[in-house]
Every structure is written in C-alpha cells, then in structure tokens.
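Take a look at the structure below.
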Amino acid sequence: MILQQGATEEKGENARLSSFVGAIAVGDLVKSTLGPKGMDKILQCTSGKEMQVTNDGATILKSIFLDNPAAKVLVNLSKVQDEEVGDGTTSVCVFAAELLREAEKLIDQGHLHPQQIIEGFREATRVARSALEQSAKDHSGDAELFRKDLINIAQTTLSSKILNQDKEKFATIAVDAVLRLAGSTNLEHIQIIKKVGGNLSDSFLDEGFILDKKIATNSPKLITNAKILIANTSMDADKIKVFGSRMKVDSTEQLAELERSEREKMKQKVEKIKSFGINCFVNRQLIYNWPEQLLSEAGIMSIEHADFDGVERLALVTGGQIVSTFDHPEQAAIGQCAKIEEVMVGEDRMIKFSGCKANQACTVVLRGSSQQLLDEAERSLHDALCVLSQTVKEPRTVLGGGCSEMIMSRAVDELASRTPGKKALAIESFGRALRALPSIIAENGGFDSAELVSQLRAAHMTNVDCSMGLDMVRGVVGDVRELGITESLKLKRQVLLSASEAAEMIIRVDNIVKAAPRKRSNHSH
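Next up, the structure:
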C-alpha cells in the first residue's frame, strides 16, 4: 500500500466513469432551464431562511454543493462564462455534458482511445468555429441596423428569463442604457434599483443617477448647477470621540463649556466645508442636527448616510472624489450635475441627480410583487446588459434558435465524411452533441424534438446559406432571421470553445486520487 491510510484511488475505467457521470449529472440538472420555454429552479438554504427562484445556470450551479471533481469543472466553466460574457451559462454546461455523453459511448464500445477522441474533438472545434465566424454578420457601420441587432439580441437573451412577458420593453431599456455608455463596458454607470410594489411592466429607465435617500429637513429641496462635495466624515457634534474616556466635571457650567467647545469645533468644520464653494454636501455617515442647521442656513443641501455603493457610484458619475479631510479645498475634486431634486418612486422618496458630468449614467428602476421576483429580474437584466456591452465592443452577430448549432454541425459532419480512420467517429459524435442543443430547447417547450431537429437538419443540408431555426412560439421550424432571433458571436464562440476545452480535460482523466483527511490532534495547546 503506497498511499497513506484513508486515502483512496480510483483507476482507469472507474475513474473515467465517475468523472463522466458527475459532469453529465450537472448538465442534466440545468438542462431543463435551457431555452425560451425553460423551467425555473427554487434554491433553498438548508436553514430554510433564504430562497431564490432562478433559471440562470451560473446562479444555480454556484449555489449547490458538489463532491464530484468533474462536476466542479463544469461549475467553474459556467462561472467563467458568466464573468466573460454574462449569458450562456446554461448552454455551456449542457454542451460540455453532451460532449462527455458522446465520448462515454465511444469509450464504452471500446473502439477509441481517449486521446483519439480528443484529437477528433479538436479538429471538429476548429471547423465549427470557422463555420460560425463565417456565418456572422457585422452591422456596426449602420447605426439603425446595429440598434435593431442589439434589440434583437436583448430580446433573445431575455426570452429565456423571467422578463419574457415584457421583453420588448426591457430590451429597449437595456439597449438604451448600454448605448449611453458610448462604447465602455463599465456597467458601474448603470444602477439598478429594486422596489417591491407594482408589477414588472411598471419598471422604467431614468437618465441620471437616483440615490435611495432623503434630503435633510430644512435643506433646499431643489438645486440647479449643483457643485457636490462627497465626504466620508463624522458630523456628530455631541459626542466626545475618545472611546472609553471618562470626564469628571464639578459643575454644570463646566459641562456646558465642554458642549460649547464641541459645538465650536463642529462649526469650524462646517466653515471649512463651506469654503469649498459647494451647494450640496453628501456624507456617508450621519449628520447631526446642529451641523445640518448650519449647512441649511448657508443654503447647502445636505444628504446623510448615503450607502457605500451609492457614494462610490455618485462620485463616479459626477466626476467627484470622496474626501475625509477639508483642509485643502483647492485639491479636492468637486462633483457636478445640472439638477438635484426629490422624486417619488412607488411610495418612496428618492433623490435624483440629472445631467451628471459623466453623461453615461442612468438608473433602471425595477418594480415587482416580491423580492425574489425582483432579484431574478435583476439577474436577467444584468445578463442582457453584459451581452449587449460585449456586443458593442465586438459587433458581429450570429443567428440564434438552434440555427448556429446546425450550421456548425453541418460543417463538422462534412469534415467527418472526409476524415479517414477512427477519428471520424469522434468528429461525428461532436456534430451529434451540437445537434443535441436545439433538441433540448424543443423538448423543454414540450414539442416533438426528433421531428423538429430532423426537419432543421434537412433544411440546412439542402441549403448552404440557411437561416432556419426553431420558432419556439409556434413550435415549428422557421426563418430565425425574419423572427429576429439574434445572438452575439462572442457568446456563441465562448460556449463552443469553453465547453470543448472542459470536455477534453475531463476525458483525459484516468485516475482520481483522494487525499486522506487531516486528523485533528486531541492534545490542546
């Protein structure tokens, strides 16, 4: 026995089987959420307090605890897809699982060695990628066509999410928000506020920045040409800030003296703040009554206790900096915006900063009947925003609805028919895995997947430049270019490459060694 006691080793066939089974099980877990008719999952915490309702692949896989190493590879795969493109997290897991299912069949039959399968998969990936890139269209030169592309992409992304019912509205919101960014992929400028109440169709996009706070009493409620000082400093005058200190006074006069000196110190601080020549003061901490009164007498609007995210974002969009000392007014960057006013969102008052210096800023206000619904709506919208901002950077688009998969599988099948030797079997199985995606989408809609996918395959085999795909509303094969089912090339390419790399990595495994758990020492130090 070479390994330490408690360590285990799985060899050859067993190791391969356990890694395949684990990865395929993860694919099957998220499979039913794929496509416009995909179902949702409820994720519940073991304590039972927290729960999420979602069909976002990355969210589901992030939340479950897995013990299988190959399954963890797929979870990481969806995480990377989420960070890179923002959407396609389910597709990438399902495709990787389908590739492994095909590989498992080939290895079981004993025809092929894992290395031959990997070679075949690599060649197939190369051909599929070039077929995908050839089918891509670029409309970035024509602003009107490009906007239409973006709206189609947003609608395609949202059609498999909870916002499906109002996808035209949310697609327009997402496209307007991303186009305001003017080519930047920094989604920090787009703020999403969730307010329970109303329903999803009451959501709206507002230019400028909305802060979920109230303006202090006695402050001016509306300011134009605002000069904003954003600070993180304590403004509470009636506390002595040395913790744990005790002061003994002999008479009430001395106590009054102490309070007076405290007030005087605060007054000097407010004078320093006034010297910046501002008319709005936003503080991350509390502002007590006395400094608030001094500020409002000087005609300065004060906003207290703005949450950290709010302050950071406000500094970003108004071009200011967060300061904590006030001795050098000439060095501080003062934020600017055209107008600050109070607005009502639902039943709550908020502060709206419009005409900000960084003009890209905008706020999406989401309304909905429950917190879980709003969280899922935010995730869906975030996916759409990510995909759109990436598409603005890499403007080529491909057709969705299973059309791109069929174009790739056709190229792969042609390669298989030209390839001599056993490798052809692996290439063929790669094509089958590609066709599995449209068939899963059809199955999730409750349609006859075998019938639809064979029709689709025939259409693509007879016509080279074919734009047929699945019309999931009517459950037939339709022209996806006319239906406007468009996806980003970057998303599709990332799904193809990531999934085939992950599958290749798992196919290579022939040995799993589990280390022995560390024993706890009984003697206490």
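Just so you know, we're using my numbering here: the sequence shown kicks off at 2 and counts up by one. Backbone N, C-alpha and C define an ideal beta-carbon position, used for all residues, glycine too.
V365: which of L62, E208, K168 and L100 sits nearest, CA to CA? E208
Classify E145: buried if its beta carbon has 16 or more other beta carbons within 10 angstroms, exposed otherwise. exposed
Alpha carbon to alpha carbon, what distance is there between S450 and P439? 8 Å
For A517, count neighbouring Cβ atoms within 10 angstroms of its own Cβ and tell me buried if that reaches 16, exposed if not. exposed
Between the segment 23-30 and the segment 88-107, do at least 3 Cβ pairs fall closer than 8 Å? yes
Complete alpha helix (DSSP H) runs within the segment 294-373 (minimum length 4 residues, chain order): 309-319
With 16 other CB atoms within 10 Å as the buried threshold, where does N280 fall? buried
Quick one: what's S202 bridged to in DSSP? DSSP output for S202 lists no bridge partner at all.
Under a Cβ-count criterion, where at least 16 other Cβ atoms within 10 Å of its own Cβ denotes burial, should M409 be classed as buried or exposed? buried
For the beta strand (DSSP E) that E395 lies in, which residues bound it at each end? Where E395 is concerned, there is no enclosing beta strand (DSSP E), given that its DSSP letter is neither H nor E.
Do the CB positions of V346 and A307 come within less than 8 Å of each other? no
Check the Cβ-Cβ distances between V514 and every residue of chain B, and say whether any is below 8 Å. Absent from the structure: chain B. Only one protein chain is present.
Is the segment 197-217 touching the segment 161-174, taking contact as three or more C-beta pairs under 8 Å? yes
Less than 7 Å between C-beta atoms, sequence neighbours within five positions excluded: which residues of the same chain meet that for D376? Q53
Exposed or buried, what is F309 when buried is set at 16 or more other beta-carbons lying within 10 Å of its beta-carbon? exposed
Apart from the five residues on each side of it in sequence, which residues of its chain come closer than 6 Å, Cβ to Cβ, to M407? L457 and H461
Three Cβ pairs or more, each shorter than 8 Å: is that satisfied between the segment 475-492 and the segment 392-401? yes
Residues bridged to S489 [DSSP beta-bridge criterion]: T398
Taking three-plus beta-carbon pairs below 8 Å as touching, is the segment 54-72 in contact with the segment 28-36? yes
For P221, which option in I352, M40, M469 and T34 has the closest C-alpha, if you only look at C-alpha atoms? I352
Roughly how far, in whole angstroms, is the beta-carbon of A385 from the beta-carbon of A155, given that I think they are within contact range, below 8 Å? 5 Å
Put I65 into one of helix, strand or coil per three-state DSSP. coil
If you count every other CB in all the chains shown that lies within 10 Å of the CB of C467, and 16 or more means buried, which is it? buried
Coarse secondary structure for M407, derived from DSSP in three states: helix
Can you list, in chain order, the residues of its chain with a C-beta nearer than 7 Å to that of T225? Leave out the 5 residues immediately preceding and following it. A339 and K340
Measure the Cβ-Cβ separation of M527 and K38 and say whether it is below 8 Å. No answer is possible for residue 527: it lies beyond the span of the chain, which begins at 2 and ends at 526.
Taking DSSP as the reference, what is the three-state secondary structure of L182? coil
What three-state label does DSSP hand T218 in the structure shown? coil
Assign K50 to one of three DSSP states: helix, strand, or coil. coil
Starting from M462, trace the alpha helix (DSSP H) in both directions and tell me its first and last residue. S450 to T463
Am I right that T392 and L4 are in contact with their C-beta atoms under 8 Å? What's the rounded C-beta distance? About 51 Å; that fails the 8 Å criterion.
Pairwise C-alpha distance: S185 and I193: 18 Å
Tell me the residue span of the beta strand (DSSP E) that contains C281. C281 to N284
Continuous beta strand (DSSP E) stretch holding F21: start and end: Premise fails: F21 lies in the alpha helix (DSSP H), G13 to K32, not in any beta strand (DSSP E).
Between V478, T55 and R130, which lies nearest to F448 when the distance is taken from Cα to Cα? V478
Beta-carbon proximity check, S235 vs Q294, cutoff 8 Å: no
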